[in-house]
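Each residue of the sequence shown is one higher than the one before, starting from 1 at the first, in the UniProt record's numbering. Idealized CB from N, CA, C, for every residue including glycine. Small disclaimer: the values here were computed from a predicted structure and weren't measured. Heads up: the structure comes next, in C-alpha cells.
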Amino acid sequence: CLLTGIRRVQDLCKVLQLPKVCEETAVSYFQRALQHPSFHLVSLEKKELLGGCCVFVTCRQHNWPLTMGTICSLLYAKQELFAGVYLSLQKELELSVPALSLADLVTTHLNSFRLFQHRDDIPAQYVEEKEKMLSRTMQVVELAGETWLVTGRHPVPIVTAAAFLAWQSLRPAHRLSCPLARFCKAAGIDLPPPAHLRLKELLGILLRMASQLAWLRVFKMDKKTVVKHMGDLLQHRVFLLRNAFCLEEEEEQRPVTAPGEGSPGSPPAGGGVAQEEGHPKGRKHQQEGRPGPLLPPCLAKPRKRLRTAAPSASDSAITGDEPISDSDIEQYLRSPEEIRAFKKAKAWR
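And the structure:
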C-alpha cells in the first residue's frame with residue numbers, strides 16, 4: 001500500500017508538472033500520514049485521496065497555484081470527501097497551509113480555458129490572447145473586490161463572470177451576442193450556478209460608473225453597450241467609484257437641520273424623517289428615485305425572513321383532541337413504589 005501510494009503521488013506530480021522539491025515534499029507528507037494512527041483504519045477510498053491531499057498541501061506551501069476542484073477532477077473524487085481528508089491531514093500532521101490569493105486563483109482558473117489556441121470546435125472570433133485576457137480579468141476582479149462583491153463568497157463564480165466580461169470587452173463587436181453559458185462551453189469549463197448573479201452585479205456596478213463619465217452621458221447605456229467602454233471605466237475606476245458611491249455616503253452623513261434651527265419657516269429635511277422612522281438607506285434612495293450608497297450585498301439585499309402568522313382565537317381554543325406529549329404521559333404512569341403502595345392500601349379495604 002505504501003509503495004502504490006508513493007507511485008500515485010509521483011504520477012500526480014508529473015501530471016501537474018511540479019518541480020522535484022514539491023514531489024519530494026509530497027512523498028514525505030504521504031509517508032508521515034500513513035504512519036500516523038489516525039489514518040490506519042480509514043477506508044481505501046480515503047487512503048487514495050490522501051496522496052492527492054499531500055500534493056495539494058505541498059502546492060499551497062510552495063505558492064504553486066492549484067485549486068481543489070482541479071485536483072479532484074484528476075482523482076475523480078468528490079470535493080466534499082476530499083475536503084474532509086484534507087482537513088484531517090492538516091490537523092493530525094499540524095501542517096501550516098497558506099491561503100491561495102485571489103490573483104493566483106485567477107491565473108489558475110484561466111489556465112484551464114481553451115480559448116487561447118485555435119481549435120476546430122471554437123470559432124475564430126472567440127480565440128483571445130492569454131495575457132490580454134488575464135490582465136483585463138484581474139482588473140475586473142479587483143473592481144469586484146473594491147465594491148464588496150468578493151467578500152464572503154465563493155471566488156470561482158466571480159472569476160468566471162469577470163473573465164466573461166473581460167473576454168467580451170476585448171472584441172465586443174463579435175462577442176456581445178454570446179451568452180455566458182455558451183462562453184463556458186467554448187472555454188471547456190463548468191458554469192457555476194451563482195455566476196449569473198455575479199455577472200448581473202458586476203454590470204450594475206459598471207453602469208453606475210458609466211453614469212459618472214462625461215463622454216458616456218450622451219449615450220444610452222445598458223448591459224450590452226457598457227461592456228464596449230469597459231477599458232475606459234477600468235482605467236478611471238478610482239475616480240468613478242468615488243463619484244458614483246462615496247458622494248452618496250457623504251450626503252447620508254451630513255447633519256440634519258432641526259425644525260427649530262436655520263431659517264424660519266424652513267421645512268425639516270426628508271432624510272431625518274426617514275431615519276427616525278427606521279427606513280434603510282437603500283430603501284429611502286429607491287423611494288426618492290436615486291441610486292443608494294455602496295453597501296455589501298448582505299446589507300443591500302438582505303434575505304427575507306419568513307413571518308409566522310399569529311394564532312387565531314379558534315386555533316388557541318382547547319377542544320380536547322390535542323396530542324398528548326410524552327412528559328404528560330409520564331406524569332400519569334405509576335412508579336414501582338407507587339404500585340406497591342397502592343396494592344398495600346387496597347389490601348386494607
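Three-state secondary structure (DSSP) at residue i?
i: glycine 271; result: Confidence at glycine 271 is low in this model, with a pLDDT of 36, below 50, so its placement is unreliable and the value that follows should be read with caution. Helix, per DSSP.
i: asparagine 243; result: helix
i: alanine 99; result: coil
i: glutamine 17; result: coil
i: valine 55; result: helix
i: asparagine 111; result: helix
i: residue 355; result: Residue 355 lies beyond the stretch modelled for the chain, which goes from 1 to 349, so this question has no answer here.
i: glutamate 131; result: helix
i: threonine 25; result: helix
i: glutamate 45; result: helix
i: lysine 344; result: helix
i: serine 335; result: coil
i: tryptophan 64; result: coil
i: valine 238; result: helix
i: isoleucine 324; result: coil
i: threonine 319; result: coil
i: leucine 216; result: helix
i: leucine 105; result: helix
i: leucine 2; result: helix
i: arginine 7; result: helix
i: leucine 12; result: helix
i: glycine 282; result: For glycine 282, the predicted model reports a pLDDT of 49, less than 50, meaning its position is unreliable; a value from the coordinates is still stated below. It is helical.
i: proline 37; result: helix
i: proline 297; result: helix
i: arginine 32; result: helix
i: glycine 260; result: Unreliable placement is indicated for glycine 260, whose pLDDT of 44 sits below 50; no coordinate value is reported for it.
Terminal residues of the continuous alpha helix (DSSP H) containing residue i?
i: phenylalanine 116; result: Here phenylalanine 116 belongs to no alpha helix (DSSP H), and DSSP marks it neither H nor E.
i: arginine 208; result: 195-210
i: glutamate 92; result: 79-92
i: glutamine 235; result: 230-235
i: methionine 68; result: 68-75
Can you find the residues in the same chain that come closer than 8 Å, C-beta to C-beta, to residue i, ignoring five residues on each side of it along the sequence?
i: arginine 242; result: none
i: leucine 199; result: Ala161, Phe164, Leu165, Leu180
i: proline 192; result: His154, Val156, Pro157, Thr160
i: proline 98; result: Arg60, Gln61, Asn63
i: glutamine 79; result: Met68, Gly69, Cys72
i: phenylalanine 219; result: Thr225
i: glutamine 17; result: none
i: phenylalanine 30; result: Gly5, Ile6, Val9, Leu50, Gly51, Cys54
i: glutamate 128; result: Leu115, Phe116, Trp167, Leu170, Arg171
i: leucine 333; result: none
Do we get a CB-CB distance below 8 Å when we pair residue i with the residues of chain D?
i: lysine 228; result: The structure shown contains no chain D; it is built from a single protein chain.
Counting only the same chain and skipping the five closest in sequence on each side, list residues whose C-beta sits under 6 Å from that of residue i.
i: valine 27; result: Ile6, Val9
i: leucine 203; result: Lys223
i: phenylalanine 56; result: Ile71
i: leucine 105; result: Pro155
i: methionine 209; result: Leu233, Leu240, Ala244
i: alanine 187; result: Phe113, Arg114, Leu115
i: leucine 109; result: A small fix is needed here, since residue 109 is histidine in this sequence, not leucine. Result list for histidine 109: Val159, in chain order.
i: cysteine 184; result: Leu191
i: serine 266; result: Note that serine 266 scores 40 on pLDDT, short of 50, meaning its location in the model is unreliable; the coordinates nonetheless yield the value given after this. So no residue of the chain qualifies.
Can you name, in chain order, every residue of its own chain whose Cβ lies under 7 Å from the Cβ of residue i, other than the five neighbours on each side?
i: histidine 279; result: In this predicted model, histidine 279 has a pLDDT of only 41, less than 50, meaning its place in the structure is not dependable enough to derive any value.
i: leucine 49; result: Leu75, Ala77, Leu81, Phe82, Val85
i: alanine 33; result: Phe39, Leu50, Cys54, Leu89, Leu93
i: glycine 231; result: Ser169
i: alanine 103; result: Met138
i: alanine 195; result: Pro157, Thr160, Ala161, Leu180
Start-end ranges of the alpha helix (DSSP H) lying completely within the region 136-193, minimum 4 residues: Runs found: 155-170, 172-175, 180-187.
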